[in-house]
Amino acid sequence: MSDEIRVIIADDHPIVRRGLVQVIETEPELKVLAEAGDGVEALKQIRELTPAVAILDIDMPAMGGFAVGREVQRHGLPVGMIFLTIHSEEDMFNEALDLGALGYVLKESAVSDIVAAIRTVARGQHYISPAISGFLINRGRRADSLEKKNPTLNDLTPSERRILKLIAEDKSSREIGELLFISHRTVENHRTNICQKLGLTGSHALLRFALKHRSEIS
Numbered sequence: 001m002s003d004e005i006r007v008i009i010a011d012d013h014p015i016v017r018r019g020l021v022q023v024i025e026t027e028p029e030l031k032v033l034a035e036a037g038d039g040v041e042a043l044k045q046i047r048e049l050t051p052a053v054a055i056l057d058i059d060m061p062a063m064g065g066f067a068v069g070r071e072v073q074r075h076g077l078p079v080g081m082i083f084l085t086i087h088s089e090e091d092m093f094n095e096a097l098d099l100g101a102l103g104y105v106l107k108e109s110a111v112s113d114i115v116a117a118i119r120t121v122a123r124g125q126h127y128i129s130p131a132i133s134g135f136l137i138n139r140g141r142r143a144d145s146l147e148k149k150n151p152t153l154n155d156l157t158p159s160e161r162r163i164l165k166l167i168a169e170d171k172s173s174r175e176i177g178e179l180l181f182i183s184h185r186t187v188e189n190h191r192t193n194i195c196q197k198l199g200l201t202g203s204h205a206l207l208r209f210a211l212k213h214r215s216e217i218s
C-alpha cells in the first residue's frame with residue numbers, strides 16, 4: 001500500500017513490545033516491520049529497513065533511546081522518532097525534542113496514545129501524551145522569550161547603526177569621527193555601547209559582526 005506507515009518498535013520488555021504490536025496491527029495502514037530489544041538492534045533496523053517511524057524506549061541496555069536518537073540526528077537518517085518512556089520530567093522531554101524527536105509518549109498511556117502518535121509523527125508533526133502536553137507550550141514560550149532577549153540590530157540607535165555601517169567599511173574610529181563630524185572619543189563610546197548592546201566581546205568581535213551583517217545595516 002502506498003499510504004502504509006512502516007514502523008519498528010524498540011523496548012527491552014517483550015511484554016511491552018507485544019502489547020504495542022497488537023494495538024498497532026489493528027490498524028490496516030500501520031505495519032510493524034520489526035522489533036528490537038536494545039538500541040543497537042534498533043539502529044541497525046532503522047538503517048536497513050528505513051521505517052517511517054521508530055518507537056524507541058529511552059531506557060534500554062547496550063544503547064538507550066537517546067543514544068539512538070543522537071546517531072539518527074548525526075547521520076540524518078529519515079525516520080520520525082517517538083520516544084517511549086516512564087519519565088514525565090520536563091528536562092527529559094526537552095532533551096528528546098532537542099534530539100529531533102517528534103513524539104514523546106508515556107508508557108502509562110501508550111496503549112491509548114500510540115496509534116495517534118504514529119499517524120501524527122508520520123505526517124511530520126509533534127505528538128505528546130496529553131498528560132504532559134503543557135511541556136510543549138512551555139518550550140515554545142521559552143523559545144519566544146529567548147528570541148526576545150537576544151540582541152539584534154533593532155536594539156541600536158540610528159547613530160549607532162551609522163557607525164556600525166562605517167565599521168563594516170573598515171573605517172577607523174578617527175575616520176568615522178571625521179565623516180560624522182564627531183570626536184574620536186565619541187566614536188569610541190559608541191563602539192563600546194554597541195558591543196554592550198550586542199553582547200560582543202574581544203578586540204575584533206565588532207568588526208566581524210559588522211561585516212557579517214553588512215547587508216542588513218542601513
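Per our numbering, the sequence shown runs over residues 1 to 218. Just so it is clear, CB atoms sit at the ideal spot from N, CA and C, and this is done for glycine as well.
- Across the structure, Ser88 and Leu200 are spaced so that their CA atoms are roughly 38 Å apart.
- Exclusion of the five residues before and after Gly69 leaves Leu56, Met81, Phe83, Ala96, Leu99, Gly100 and Ala101 as the residues of its chain whose Cβ lies within less than 8 Å of its Cβ.
- Among the bridge pairs identified by DSSP, Gly80 is matched with Val53.
- Short of 7 Å from the beta carbon of Glu4, and not among the five residues preceding or following it, lie these beta carbons of its own chain, in chain order: Glu29 and Lys31.
- For Gly39, the secondary structure class from DSSP, reduced to helix, strand or coil, is helix.
- Here Glu35 is buried: its Cβ has 16 or more other Cβ atoms, across all protein chains shown, within 10 Å.
- Annotation: the continuous alpha helix (DSSP H) that includes Leu97 extends over Glu90 to Asp98.
- In the DSSP assignment, Ile176 falls within the alpha helix (DSSP H) that extends over Ser173 to Leu180.
- Looking from the CA of His190, the closest CA among Ile167, Lys212 and Leu211 belongs to Ile167.
- In the DSSP assignment, Ile15 falls within the alpha helix (DSSP H) that extends over Pro14 to Ile24.
- Arg214 and Thr192 have their C-alpha atoms some 19 Å from each other.
- Per the Cβ contact rule, the segment 167–185 is not in contact with the segment 109–120 (fewer than 3 Cβ pairs under 8 Å).
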